[in-house]
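Asks: Residue numbering for the first sequence is -6 to 852, as defined by my numbering.
Cβ atoms here follow ideal geometry from the backbone N, Cα and C, with glycine treated the same way.
Because the structure is a prediction, the values reported are computed rather than measured.
Take this structure, written in structure tokens, and hold onto it; I'll ask about it next.
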Amino acid sequence: MVTESKDYDFHEIEPRWQSFWERTRPDRAGMDPVRPKFYVLDMFPYPSGAGLHIGHPEGYTATDIIARYRRARGFDVLHPMGWDAFGLPAEQHAVKTGTHPAANTQNNILNFRRQIKALGFSYDWDREIDTTDPRYFRWTQWIFLQLFKRGLAYVDERPVWWCPEMRTVLANEEVVDGRSEVGNFPVERRSLRQWVLRITAYADRLLSGLEGVDWPDSTKRMQAAWIGRSEGAEIVFGLEDGALGGLKVFTTRPDTLYGCTYMVLAPEHALAQALTTPGQREAVDAYLRQAASKSDLERTDLAKEKTGVFTGSYAVNPANGARVPVWIADYVLTGYGTGAIMAVPAHDERDHEFAGRYGLQVEAVIEPVDAPPGGVTLPYTGDGRLVRSGPYTGLGWQEAKQRMTDDLASRGASRPAVNYKLRDWLFSRQRYWGEPIPIVWVGRADHDRARERDPGSFPAEPVSFEQDGVTRYAVPLPESALPLELPPVQSYLPSGTGESALANVAEWVDIWHDCGSGKAVPASGPRPAGASWVRARRETNTMPQWAGSCWYYLRYTDPSNDQAFASPEALRRWGGPDLYVGGAEHAVLHLLYARFWHKVLFDIGAVPTDEPFTKLFHQGIILGEDGEKMSKSRGNVVSPDTIIESHGADSLRLFLMFLGPLEAMKPWNPRGIEGVHRFLQKVWRDCVGEDGRAHPKVGDSVQDSNEILRLLHETIKKVGDDIDAMRFNTAISQMMILENALHKEPAVSRSTALAFIQVLAPFAPHFAEEVWSRLGAPGNASTAPWPKFDPARVSAAEVRIVFQVNGKHRGDLLVPLGLTQDRAVELARAHEKVAPFLAGKSIAKVVFVPNRILNLVVS
RNA sequence: GCCCGGGUGGCGGAAUGGUAGACGCUUCGGACUUAAAAUCCGAUUUCCGCAAGGAAGUGUCGGUUCGAGUCCGGCCCCGGGCACCA
-6 MVTESKDYDF HEIEPRWQSF WERTRPDRAG MDPVRPKFYV LDMFPYPSGA
44 GLHIGHPEGY TATDIIARYR RARGFDVLHP MGWDAFGLPA EQHAVKTGTH
94 PAANTQNNIL NFRRQIKALG FSYDWDREID TTDPRYFRWT QWIFLQLFKR
144 GLAYVDERPV WWCPEMRTVL ANEEVVDGRS EVGNFPVERR SLRQWVLRIT
194 AYADRLLSGL EGVDWPDSTK RMQAAWIGRS EGAEIVFGLE DGALGGLKVF
244 TTRPDTLYGC TYMVLAPEHA LAQALTTPGQ REAVDAYLRQ AASKSDLERT
294 DLAKEKTGVF TGSYAVNPAN GARVPVWIAD YVLTGYGTGA IMAVPAHDER
344 DHEFAGRYGL QVEAVIEPVD APPGGVTLPY TGDGRLVRSG PYTGLGWQEA
394 KQRMTDDLAS RGASRPAVNY KLRDWLFSRQ RYWGEPIPIV WVGRADHDRA
444 RERDPGSFPA EPVSFEQDGV TRYAVPLPES ALPLELPPVQ SYLPSGTGES
494 ALANVAEWVD IWHDCGSGKA VPASGPRPAG ASWVRARRET NTMPQWAGSC
544 WYYLRYTDPS NDQAFASPEA LRRWGGPDLY VGGAEHAVLH LLYARFWHKV
594 LFDIGAVPTD EPFTKLFHQG IILGEDGEKM SKSRGNVVSP DTIIESHGAD
644 SLRLFLMFLG PLEAMKPWNP RGIEGVHRFL QKVWRDCVGE DGRAHPKVGD
694 SVQDSNEILR LLHETIKKVG DDIDAMRFNT AISQMMILEN ALHKEPAVSR
744 STALAFIQVL APFAPHFAEE VWSRLGAPGN ASTAPWPKFD PARVSAAEVR
794 IVFQVNGKHR GDLLVPLGLT QDRAVELARA HEKVAPFLAG KSIAKVVFVP
844 NRILNLVVS
């Protein structure tokens, strides 16, 4: 297997060992019950046409080092790779060229796979997965059906951007200033039927589950902030028109109830119309029209001035019976709380700003305990005591909060409430290139019959929507009918009615559907015989790209299973990843969605754990040479291919790890690669002689000095510890220190040389295999067990102790280990560099850290 | 605005409260060479000094400590996240 080259010829060495590994497969994960398991996972990539970016191999190298190290330590390692292959770029390419997105996707995968393999990563390629493979998305669809039957998937009218000119739905980022980015046509908000997943039902568990996972704190905080739990109360205000019932608001500050001087409804609030008096009708209508045309971005732009309109109606404060005006303003959000607030301008920044603009009353009801004589500037949002609050005056705000909520509750006007910023997950896309949603739409009677046949597949409440006066009901495909594959289409362009290109495929969309088998025939043909055949229309929305990545880590444990998404044995064996490495850009969405699905799977007994990712790590971004983010337009992009060609995969791997801490954002330095490359060449020249075999200075009979052995064992320990702690840069430094020392030795024992090559192997695996063979060692560097570290070797007989006078370094001395304080003081007094600083002074205090430092404090 | 993370030589970075700058890059000097590259040896925080040596020094100001890059408080700058969530 070993190559013939005399010098370090990585062009020859790397492909040779890669093909050797492909034959011997040291990367294959087993089911060995004796060995402990370790599952280390990279976030799988979207195989873009641009190919691998230098940021990809950064994280992949780190996990590969860990995988190889763990194998050497006797672990059964699962280290897989796959493709998050559904995605918008492939669809856009298909729209342009008319070729099927799958063709382009497979080409890109081919290129990605080639590039990744060129880096020598020890992935178990038998377990490769592809989210666009029907054998994979069959189970994505299956999980959707589990969500559906548990009532966690529903349809709802949701506002989207509609461009009448282009007859298509546009994404938020495709709309600029109320016009389409492409074509500059006017766009409008239109409510379209969308699938939504009830992630909010898991809000509490998604929040509490964060406590038990080993994640970066910043990521946990981000998720917690995204979920945004807040506790408060719902309070009902009376309305003058009793027929309308009450006006319910959510507040976290019920203690400020006496300071409520007006109320605000979101423009979309159900009572907005009913509360508008005839005199205000015109102004309100104009305001609502204007609000409807604003994008979310425009509405949430903090820089803009708050706007609103008076409805003409009044509500009654349940605490003091005060009559307060009801306004409509778009600074109140419709999707949060009840979509209405009690405004307390004295103690809320936003209300204060609005009240100032419209001349509304401001009533302070909280005062800080140490209020300045002139009173506080409003709005005051801090701690304090109640004033002007009837019977509650004088109470601390925390106590008042409790008492007022309780008192109102006893009159039925209030109840404690919890709200979340987290919204349900908009799960449908009007796209072709995604997993089809395995649902057909039928009439009421057909739905009820289908449900009777198989009640377990339906949610408690039927999922339905109304269109053109007809109500349609959702019927799931039987699980046995999965996967539901994408039909061929003439054009990948959206249908023009706000639906995906799938809507144009009449013989696929309009069908006779067999509720028993899930079989379908075009509705244009005759109805097949049998009571289970019903007239149906298929769902034409597809799933978002997040779907496939929500559970892929589970599929790796048992990737070719066609009976289940993974067997219980495989799931028990591997569980979730022991380590998950990927970019911080997924801190919220991917990681939150995957946790949600995992918890649902846990609830139905399909997975044994409640949390999918127990330990998470984010690699930092690699910037261009200029310190800017790498981008084509800046021309500072570094391709792994180029570096492999010029310096080899091992040098690239080493350099990516040597650049700095894995989690740090750091610039690429083209000269730095030379440094690690030189290091490898230096090791080569010290191990391989001119004849291409073991270097003459390496011998079995060589007795290494204690200093060399100490350094070797220190290195074995430090490299192992550093890999575990993911401090790869310092591990490499330590190996360089060892190499520098070995280089100076006239002779080195073979066992020391081999141990060194062993610790280098996870970092530079091709190089290590080659040198290992050249040294005439049996077996392979990749399968040899990790060298043993001997603690006795690490402690030297002598240590350098530092002498300080008044905390300043004044000299040092090599002394025997375990030197006593008295002896150290003696030596310090006698030390030629220290003595002058002690002359004529008395020692006031002695600080002695054994084997390290002696600090003499003198007056 | 709020919440995080970070400021260390010419550069990337290293330092359980205990010799600041390991390791690498760069640069300079030397060896080898007809020469160059490669390689090898040495130097490379700043200031003063021929030198021995001394002084200052981890964004900034202050504090705790025998001792602070490290801990505490204020400020400045950079990066990331959130952003009318009542």
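Answer with buried or exposed for residue 177, where buried requires no fewer than 16 other C-beta atoms within 10 angstroms of its C-beta.
Replies: Burial check for residue 177: the Cβ neighbour count within 10 Å stays below 16, so the residue is exposed.
Asks: Do residue 148 and residue 451 come within 7 Å of each other at the CB atom, strictly closer than that value?
Replies: no
Asks: For residue 148, which of helix, strand or coil comes out of DSSP?
Replies: strand
Asks: Cβ atoms of residue 252 and residue 158: under 7 Å apart, would you say?
Replies: No, the pair does not count as a contact, with Cβ atoms beyond the cut-off.
Asks: Grouping DSSP H, G and I as helix and E and B as strand, with all else coil, what is residue 224?
Replies: strand
Asks: Would you check if the region 429 to 437 and the region 519 to 535 touch, i.e. whether three or more CB-CB distances between them fall below 8 Å?
Replies: yes
Asks: Bridge partners of residue 412, per DSSP?
Replies: According to DSSP, which records beta bridges pairwise, residue 412 is partnered with 223.
Asks: Would residue 412 be called buried (16 or more neighbouring beta carbons within 10 Å of its own) or exposed?
Replies: buried
Asks: Does the Cβ-Cβ distance between residue 208 and residue 180 come in under 7 Å?
Replies: No, the Cβ-Cβ distance between residue 208 and residue 180 is not below 7 Å.
Asks: Let me know the beta strand (DSSP E) ranges lying completely inside the region 232 to 267, each 3 residues or longer, listed in chain order.
Replies: 239 to 244 and 255 to 258
Asks: Would you report the Cα separation of residue 868 and residue 52, rounded to the nearest angstrom?
Replies: The first residue shown for the chain is -6 and the last is 852, placing residue 868 beyond what the model contains.
Asks: For residue 680, which of helix, strand or coil comes out of DSSP?
Replies: helix
Asks: What does a CB cutoff of less than 7 Å around residue 387 pick up in its chain, not counting 5 residues either side in sequence?
Replies: 378 and 379
Asks: Can you give the beta carbon distance from residue 750 to residue 761, rounded, assuming they're within the 8 Å contact cut?
Replies: 5 Å
Asks: Which of helix, strand or coil does DSSP assign to residue 100?
Replies: helix
Asks: With a threshold of 6 Å on Cβ separation, who are the neighbours of residue 580 within its own chain once the five nearest residues in sequence on each side are excluded?
Replies: 212 and 215
Asks: Compare the C-alpha of residue 262 against each of 284, 560 and 343 and name the closest.
Replies: 284
Asks: For the beta strand (DSSP E) that residue 12 lies in, which residues bound it at each end?
Replies: Run containing residue 12: none in the beta strand (DSSP E); it sits in the alpha helix (DSSP H), 3 to 17.
Asks: At which residues does the alpha helix (DSSP H) containing residue 201 begin and terminate?
Replies: Where residue 201 is concerned, the enclosing alpha helix (DSSP H) stretches over 196 to 201.
Asks: Rounded to whole angstroms, what is the Cα-Cα separation between residue 86 and residue 484?
Replies: 12 Å
Asks: If I measure Cβ to Cβ from residue 834 and keep anything under 7 Å in the same chain, skipping five residues before and after, which residues do I get?
Replies: 851 and 852
Asks: Would you tell me roughly how many angstroms separate the C-alpha atoms of residue 369 and residue 193, rounded to the nearest one?
Replies: 39 Å
Asks: For residue 383, I'd like the list of residues in its chain whose CB is within less than 8 Å of its CB, leaving aside the five on either flank, ordered along the chain.
Replies: 251, 312 and 313
Asks: Excluding five sequence neighbours on each side, which residues of the same chain lie with their C-beta closer than 6 Å to the C-beta of residue 525?
Replies: 507, 508 and 509
Asks: Look up residue 74 in the DSSP assignment and say whether it is helix, strand or coil.
Replies: coil
Asks: Rounded to the nearest angstrom, what separates residue 271 and residue 359 at their Cα positions?
Replies: 37 Å
Asks: Under the rule that 16 or more other beta-carbon atoms within 10 Å means buried, what is residue 4, buried or exposed?
Replies: exposed
Asks: Below 7 Å CB to CB, which residues in the same chain sit around residue 188 once its five sequence neighbours on both sides are set aside?
Replies: Around residue 188: 146, 148, 420, 421, 430 and 534.
Asks: Using the Cβ count rule (16 or more neighbours within 10 Å means buried), how would you classify residue 538?
Replies: Under this definition residue 538 is a buried residue.
Asks: Contact defined as beta carbons within less than 8 Å: I believe residue 501 pairs with residue 514. What is the distance between those atoms, to the nearest angstrom?
Replies: That pair is no contact at about 11 Å.
Asks: Just to confirm the assignment: which complete beta strand (DSSP E) runs, minimum length 3, are found wholly within the region 370 to 427?
Replies: 407 to 413
Asks: Going by the beta-carbon positions, is the gap between residue 361 and residue 348 smaller than 7 Å?
Replies: no
Asks: Entirely within the region 477 to 552 and at least 4 residues each: give me those alpha helix (DSSP H) ranges in chain order.
Replies: 499 to 502, 539 to 542 and 545 to 548
Asks: Can you give me the Cβ contacts of residue 883 inside the same chain, cut-off strictly under 6 Å, excluding the 5 residues immediately before and after it?
Replies: Residue numbering for the chain in the displayed model covers -6 to 852; residue 883 lies beyond these limits and cannot be assessed.
Asks: Which of helix, strand or coil does DSSP assign to residue 877?
Replies: No information on residue 877 is available, as it lies outside the stretch -6 to 852 that the chain covers here.
Asks: Tell me, please, whether the region 790 to 800 touches the region 772 to 782 by the rule of three or more beta-carbon pairs shorter than 8 Å.
Replies: no
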